[in-house]
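Only one structure is covered here, and it is reproduced in the block below.
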Amino acid sequence: MLSATEQAAYGSILSPYSFDIPHAFVYNDSPSAGQLFCGPYLEMAMTFAEVNRYRLLLDELESLPKKSAIEQDIVNGQYDISMHGVLIRPVKEEKFAEEMRYSYPLELMMNCVMVPLDPELPKWMYVVWPLGKYIWTTLFLGIFYVAFLLRYLHWRETAQATRSYTRNMLQAMAILMFSPNMNMNLRLSQATLRVNLFYTLLFTLGFILSNYHSSHMTAYDMKPVFTRPIDSWSDLIISRLPIILPESLLEELRSLPIVDTSLLEPQFDSRS
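So in this note's numbering, spot 149 of the sequence shown is number 144, and the numbers just go up one at a time.
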């Protein structure tokens, strides 16, 4: 036992204590050769004891047990408070509300399990994915498509540059990236059938690209899921989906007496 508050008291308050930054920790002050108890949780408990004239006693532990175990110890009367926090689950809130007179701080929480519906994306997909495979494919094929249209547009001209398919590919990339009218001198009042056909087909390509892109970005990270809603442990077991959990939450779930996770063990994938 370590006495953190030595003033006269009407009684004692016992709390478990372990080195737990930033909740509660000890700072060795070398000039005064003393120990300073630090941390917002510890300060809160010390202030409570000082105001209400209690003696605060700390039960030093090498490693702090799970919060659910501390919660049960408080209910059993072994501890009075916990400066490291305890869990109050909604299913037990009414039962523990009368038995636990005080504990700083209280954490009201529910356990939430996130079930991934698809495998994790590889890192390179974060660069490629915002456009999507169909948009990238359409853009790539659009270069050859526009180059062919440009050659068709200038097929009667004598200049070799305008009739070259490879040179037109460079201009096709410029048209797709910047403007459909780039480097094109024409008077629309005297547009020929080839020019009208060229712009019609170019507009068709732009329409396809814009709709592909807008629908892809509107449905960003969304897709229809044709599975039954998972509302219970039984539904989760039937789905056979992998469950990724933090190690601490996995231990908490296994320790709950009201939840039988034995059938879900093959699906658990703990992550630290």
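Every residue gets a Cβ at the ideal spot worked out from N, C-alpha and C, and that includes glycine.
Continuous beta strand (DSSP E) assignments of at least 3 residues falling wholly in the region 26 to 67: 29 to 33, 49 to 55
Three-state secondary structure assigned by DSSP to F20: DSSP places F20 in strand when its eight states are reduced to three.
F143: CB within 7 Å of a non-hydrogen atom of the ligand COA: Although the ligand COA was asked about, the structure shown includes no ligands whatsoever.
Local conformation of D75 per DSSP, three classes: coil
DSSP-derived helix/strand/coil call for I225: coil
Nearest residue (CA-CA) to L240, options L248, I233, S234: L248
Endpoints, alpha helix (DSSP H) assigned at L258: Where L258 is concerned, there is no enclosing alpha helix (DSSP H), given that its DSSP letter is neither H nor E.
Cutoff 6 Å; reference Y22; Cβ partners in own chain excluding five residues on either side: L31, C33
G127 (DSSP reduced to helix, strand or coil): coil
Where P237 falls, given that 16 or more other Cβ within 10 Å makes a residue buried: exposed
DSSP three-state assignment for L251, whether helix, strand or coil: coil
CB of F193 within 8 Å of CB of L148, strictly: Their beta carbons are under 8 Å apart, which means F193 touches L148 by this criterion.
With 16 other Cβ atoms within 10 Å as the buried cut-off, status of E66: buried
Length of the line joining the Cα atoms of Y49 and D68: 20 Å
Own chain, CB closer than 6 Å to E1, minus 5 neighbours either side, in chain order: In this predicted model, E1 has a pLDDT of only 48, less than 50, meaning its place in the structure is not dependable; the value taken from the coordinates is given anyway. None.
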